[in-house]
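A.B. asks:
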Amino acid sequence: MEPVGMARTLAGDRRIVEFLDLLRKNADYASGQSLAKKAGISRSAVWKHIRRLRRLGYRIESLHGKGYKLEGDTEYPVPWELARVLKTSHMGKTVIYRESAQSTQNLAIALAEKQGAHGTAVIAEQQTGGRGRLKRKWLSPKGGIWISVILRPSIPTATSTLLPFVAAVAVCDAVREATGLDATLKWPNDVMVKGKKVAGILLDLSAEAEAVNYAVIGIGINANVESKKLHLDREGRPAITSLSDELGHPVNRLQLTGLMLERLEQYLVLLEEKGPATIVALWRKRSDMLGRQASVAQQGKVVSGTAKDIGDDGSLIIATAAGDVNVVSGDVTVSY
Ligand code: BTN
63 MEPVGMARTL AGDRRIVEFL DLLRKNADYA SGQSLAKKAG ISRSAVWKHI RRLRRLGYRI
123 ESLHGKGYKL EGDTEYPVPW ELARVLKTSH MGKTVIYRES AQSTQNLAIA LAEKQGAHGT
183 AVIAEQQTGG RGRLKRKWLS PKGGIWISVI LRPSIPTATS TLLPFVAAVA VCDAVREATG
243 LDATLKWPND VMVKGKKVAG ILLDLSAEAE AVNYAVIGIG INANVESKKL HLDREGRPAI
303 TSLSDELGHP VNRLQLTGLM LERLEQYLVL LEEKGPATIV ALWRKRSDML GRQASVAQQG
363 KVVSGTAKDI GDDGSLIIAT AAGDVNVVSG DVTVSY
C-alpha cells in the first residue's frame, strides 16, 4: 500500500499557492530574482515552482531578461482551485492530489482506515494500477478524472448497495451539465454516451451488520483521453468512449469535478433522508435500458429477457420466460 503523507501534501500545496498568488499579483512580467526575494526562496526554487505549475496546466510565459507572467489559469482539478469553485459542506473539503498514483482507491482506503473524514477526495492525474469492477484493470492515463471519495454515510448497511447508484446519478448529471452531452445510465453503474461507456463507479465498503463504517466510492471518467488508448481487454464489455472524443474538444475537468462532487453530496443526503426508492427513481429517469432486451452472465449461465426494473436494493430485474430473475452483479448486454 502506498504511503498517504497527507501532512506533507498540504504543506507542499501551501507553498505553491503562495507562489501562485505572487504571480497573480503581477499584471506584468516579474523577474526570477524579484519572485525569489518576495517569496523568500531561492531562484532554483522559483524555477521548480514554475515548472510544477506549468505541469499542472497553468500557462506561464517567460521572456528573456523580463521574467515570468501568468497568462492562463489551469483546468486541472487541483485542490486549491477546487476549493475556489466548490459549494459543498463536506465533499471535496479535503483533497489529496497526486500527479501519479497506483490507485486513488487504495490511497483513499488507507486514509479511511486512519479516520479520513467524510467527503475527503483523492485525485490522481494518472493511475498505474487503476482498479475496475469485477477485479478488472482500469486504464487511467493523463487527461481523465480518477477520483475516490471517502463516505461515512448515515445509512443502514443494507442500503449501501445504493451508494454506487448515487454516484452514477451524480456523474451523469455533472456530465450533462458540463458538456451538454446526452449522458445516460446503464446497469449497474455505467455512464454512457451514444451507447458507449464514458465513466464507471467502484465501491469498497467497510461495514458491520448494522452500520457502515466507511465506503470509498471510486469514479473514473474518461474525460480528455483518446478512447483508442483505453482498449485493453474489452471482450464482452461495453464499447468505450471519452468526453473529448464525443465533443471534439477537451472538457474543463476542474468544473466537471466540482459539479460531480456537488451532485454527490446532494444525492447522498437524499439517500440518507428519503431512502433507496428515491435514488432508484432518479436512476430510472436517466436510463434508457428498461423495457429492452437484455442478457447477463450469472454463475456461468446466461440470463436473457426484458430488463423490467431496478429493485430498491439496486438489483436488475429481468423478466424471462421462466419468470422474474433478480441479478445482483455482472455485465449486462442490452439490445437497442
Ligand atoms: C468500473 O469498472 O466501471 C469501475 C471503474 C472505477 C475506476 C475508478 S478511477 C478512480 C478509482 N481508483 C481506482 O483504482 N478505480 C477507481
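Counting from 1 along the sequence shown, just add 62 to a position and that's the residue number in the working numbering. Backbone N, C-alpha and C fix where the C-beta goes; we use that ideal spot for every residue, glycine too. All values derive from a computational prediction rather than experimental measurement.
Around the Cβ of G376, are there at least 16 other Cβ atoms within 10 angstroms (buried) or fewer (exposed)?
C.D. replies: buried
A.B. asks: What ranges does the beta strand (DSSP E) occupy inside the stretch 314 to 341, keeping only unbroken runs of at least 3 residues that lie completely in it?
C.D. replies: With a minimum length of 3 residues, no continuous beta strand (DSSP E) run stays inside the stretch 314 to 341.
A.B. asks: Going by beta-carbon coordinates alone, are T319 and S357 separated by less than 8 Å?
C.D. replies: no
A.B. asks: Anyone know if the C-beta pair for C234 and V253 falls short of 8 Å?
C.D. replies: Contact flag set, yes.
A.B. asks: Ignore the nearest five residues each way along the sequence and tell me which others in D90's own chain have a CB closer than 7 Å to its CB.
C.D. replies: K131
A.B. asks: Can you give the beta carbon distance from L118 to V140, rounded, assuming they're within the 8 Å contact cut?
C.D. replies: 6 Å
A.B. asks: How many angstroms separate the CA atom of P338 from the CA atom of A229?
C.D. replies: 13 Å
A.B. asks: Using a Cβ-Cβ cut-off of 7 Å (strictly less than) and excluding sequence neighbours within five positions of V79, which residues of its own chain qualify?
C.D. replies: W142.
A.B. asks: From the DSSP output, which residues share a beta bridge with K204?
C.D. replies: None; K204 has no bridge partner.
A.B. asks: Taking only heavy atoms of the ligand BTN into account, decide whether any of them is closer than 7 Å to the Cβ of D252.
C.D. replies: yes
A.B. asks: Which residue or residues does DSSP assign as beta-bridge partners of S268?
C.D. replies: Y276
A.B. asks: Counting C-beta neighbours from all protein chains within 10 Å, is the total for N388 16 or more, i.e. buried, or is it exposed?
C.D. replies: exposed
A.B. asks: Which class does N168 belong to by DSSP, given the choice of helix, strand or coil?
C.D. replies: DSSP, reduced to helix, strand and coil, places N168 within a helical segment of the structure shown.
A.B. asks: Since L247 sits in a beta bridge, which residues does DSSP pair it with?
C.D. replies: V253 and S349
A.B. asks: Provide the residue span of the alpha helix (DSSP H) that contains K110, from first to last.
C.D. replies: R105 to R117
A.B. asks: Starting from D371, trace the alpha helix (DSSP H) in both directions and tell me its first and last residue.
C.D. replies: Element bounds for D371: not the alpha helix (DSSP H) but the beta strand (DSSP E), K363 to I372.
A.B. asks: Spell out whether any CB of chain B is found under 8 Å from the CB atom of E335.
C.D. replies: Absent from the structure: chain B. Only one protein chain is present.
A.B. asks: Is T182 near the ligand BTN, in the sense that its beta carbon is under 7 Å from a heavy atom of that ligand?
C.D. replies: no
A.B. asks: Flag this pair as touching only if the stretch 315 to 330 and the stretch 197 to 209 have three or more C-beta atom pairs under 8 Å; answer yes or no.
C.D. replies: Verdict: yes, contact present.
A.B. asks: Whole-angstrom Cβ separation of V313 and A343, contact assumed at under 8 Å?
C.D. replies: That belief does not hold up - the Cβ atoms of V313 and A343 are roughly 28 Å apart, past 8 Å.
A.B. asks: Cα separation between H180 and I279?
C.D. replies: If I take the Cα positions, the gap works out to 11 Å.
A.B. asks: Decide if A271 is buried, meaning its Cβ has at least 16 other Cβ atoms within 10 Å, or exposed.
C.D. replies: Counting Cβ neighbours within 10 Å, A271 comes out exposed, since fewer than 16 surround it.
A.B. asks: Can you list, in chain order, the residues of its chain with a C-beta nearer than 8 Å to that of A107? Leave out the 5 residues immediately preceding and following it.
C.D. replies: A98 and A101
A.B. asks: Could you name the residues whose beta carbon sits closer than 5 Å to any heavy atom belonging to the ligand BTN, keeping them in chain order?
C.D. replies: S165, T166, Q167, G192, R193, G194, R195, W200, W208, S210, G262, L264, G280 and G282
A.B. asks: Excluding the 5 residues flanking G373 on each side, which residues of the same chain have their C-beta closer than 7 Å to its C-beta?
C.D. replies: I379 and N388
A.B. asks: Distance, Cα to Cα, I158 vs S366?
C.D. replies: About 43 Å.
A.B. asks: Quick one, are the C-beta atoms of Y329 and A232 less than 8 Å apart?
C.D. replies: yes
A.B. asks: So is N275 buried or exposed if we call it buried at 16+ other beta carbons inside 10 Å?
C.D. replies: exposed
A.B. asks: Can you give me the C-alpha to C-alpha distance between L332 and I283, rounded to a whole angstrom?
C.D. replies: 23 Å
A.B. asks: Excluding five sequence neighbours on each side, which residues of the same chain lie with their C-beta closer than 7 Å to the C-beta of I217?
C.D. replies: V274, L333 and E334
A.B. asks: L201 and L292 - do their beta-carbons sit closer together than 8 Å?
C.D. replies: Yes, they are a contact pair.
A.B. asks: On the three-pair Cβ rule with 8 Å, is the stretch 160 to 174 touching the stretch 235 to 248?
C.D. replies: Here the stretch 160 to 174 does not lie against the stretch 235 to 248, with fewer than 3 beta-carbon pairs under 8 Å apart.
A.B. asks: Skipping 5 residues on each side, what residues in its chain have a beta carbon closer than 6 Å to that of V184?
C.D. replies: I158, T166, L169, A170 and S210
A.B. asks: Identify, in the order they occur along the chain, each residue of the same chain with its Cβ nearer than 6 Å to the Cβ of L85, setting aside the five sequence neighbours on each side.
C.D. replies: Excluding residues within five positions, the ones whose Cβ falls inside 6 Å are L132.
A.B. asks: Alpha carbon to alpha carbon, how far is L247 from A277? Give it in angstroms, no decimals.
C.D. replies: 22 Å
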